[in-house]
Amino acid sequence: MDCIKCYCGCDKLSKDELEVLLKLDKQNEFLNNLTARNIFRNMFYPDPADYEPQFSGSQNRPRAKPNAIKYLDYIEEAEMLVRTNNLSEEVVLEFIERVPVEKYDEREQLVKNSTETRRAEELRQIIEEYGEKLVLSKQYTQFKEKLKAAYQGKREIKKL
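Letter 68 of the sequence shown, counting from 1, is numbered 68 in this note's numbering, and no numbers are missing.
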């Protein structure tokens, strides 16, 4: 019987699954783990369809998306472009225009009139860049702390 229901979904994970998530030390390990990414997203920016806040009588206003979630969105979109081999010049340029990348003009010139291999390399660099920003964010630190607390809670329940 689960008494506590968590909005991020960590309560649905077993002790072993939580332990696996806690051992994700490198950014690539985190980014390659769909469960970790989904829990992270639900923890800081839950989908309104899955989460109903308590009624308070106040108006619902759209919540600002945290930077860490924006970083995750950029990473996932860039990964999708590389995975689906959708590397046409116009698609990659459109993506780069929407993503606040450092040295935009330089990147734009590298993408224009380049090969698909070069465009894929640029997307991988963006994935790496935003992956680093993600794991350095305060939300990622809070995510790891909450997973530790959930794991500790499951261990203590098992001992009883």
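Here a beta-carbon is modelled for each residue, glycine too, at the ideal position from N, C-alpha and C.
Model, not experiment: these values are computed from the prediction.
Checklist entry - Given L110, which residues of its chain have a CB within under 8 Å of its CB, disregarding the five upstream and five downstream residues? => result The count along the sequence shown starts at 1 and reaches residue 110 at position 110. R118 and E122.
Next on the checklist: Please report the straight-line C-alpha distance between K148 and L21, rounded to a whole angstrom.
Outcome noted: Working through the sequence shown from its first residue, we reach residue 148 at position 148. Working through the sequence shown from its first residue, we reach residue 21 at position 21. Cα-Cα distance, rounded: 9 Å.
Next on the checklist: What does the Cβ neighbour count give for L81, buried or exposed, with the cut at 16 atoms within 10 Å?
Outcome noted: Here residue 81 corresponds to residue number 81 of the sequence shown, with the count starting at 1. So L81 counts as buried.
Checklist entry - In three-state terms, what does DSSP make of N86? => result Indexing the sequence shown from 1 puts residue 86 at position 86. In the structure shown, N86 sits in coil (DSSP, three-state: anything other than H, G, I, E or B).
Checklist entry - Taking the Cβ atom as the reference point for each residue, do Y130 and I75 lie within a distance shorter than 8 Å? => result The residue you call residue 130 lines up with position 130 of the sequence shown. The residue you call residue 75 lines up with position 75 of the sequence shown. Against a cut-off of 8 Å, the Cβ pair of I75 and Y130 comes out as a contact.
Checklist entry - Taking C-beta to C-beta, are K15 and Y151 nearer than 8 Å? => result Here residue 15 corresponds to residue number 15 of the sequence shown, with the count starting at 1. Here residue 151 corresponds to residue number 151 of the sequence shown, with the count starting at 1. Yes. Within cutoff.
Next on the checklist: Out of K154, L136 and E106, which one is the CA nearest neighbour of F30?
Outcome noted: For the purposes of this step, residue 30 is taken as residue 30 along the sequence shown, with counting starting at 1. F30 has its Cα closest to that of L136, out of K154, L136 and E106.
Checklist entry - Under the three-state reduction of DSSP, which class applies to M1: helix, strand or coil? => result Here residue 1 is taken as the residue at index 1 of the sequence shown, counted from 1. The predicted model places M1 with a pLDDT of 43, which falls under 50 and marks its position as unreliable, so this point remains unresolved.
Checklist entry - Ends of the alpha helix (DSSP H) at G9? => result Counted from its first residue, the sequence shown places residue 9 at position 9. No alpha helix (DSSP H) contains G9, which DSSP labels as neither H nor E.
Item to check | Residue nearest to R37 in terms of C-alpha spacing, selected from T84, V101 and D73 | outcome: Here the question's residue 37 lines up with position 37 in the sequence shown. When only C-alpha atoms are compared, the closest one is D73.
Checklist entry - Can you tell which of E89, I126 and N113 has its C-alpha closest to the C-alpha of K103? => result Position 103 of the sequence shown, counting from 1, holds the residue named residue 103. Measuring from the Cα of K103, the nearest candidate turns out to be I126.
Item to check | Of the listed residues E94, K12, F40 and T35, nearest to Y140 (C-alpha basis) | outcome: As a first step, residue 140 is located in the sequence shown; it is residue number 140 there, counting from the start. For Y140, the nearest C-alpha among the options comes from F40.
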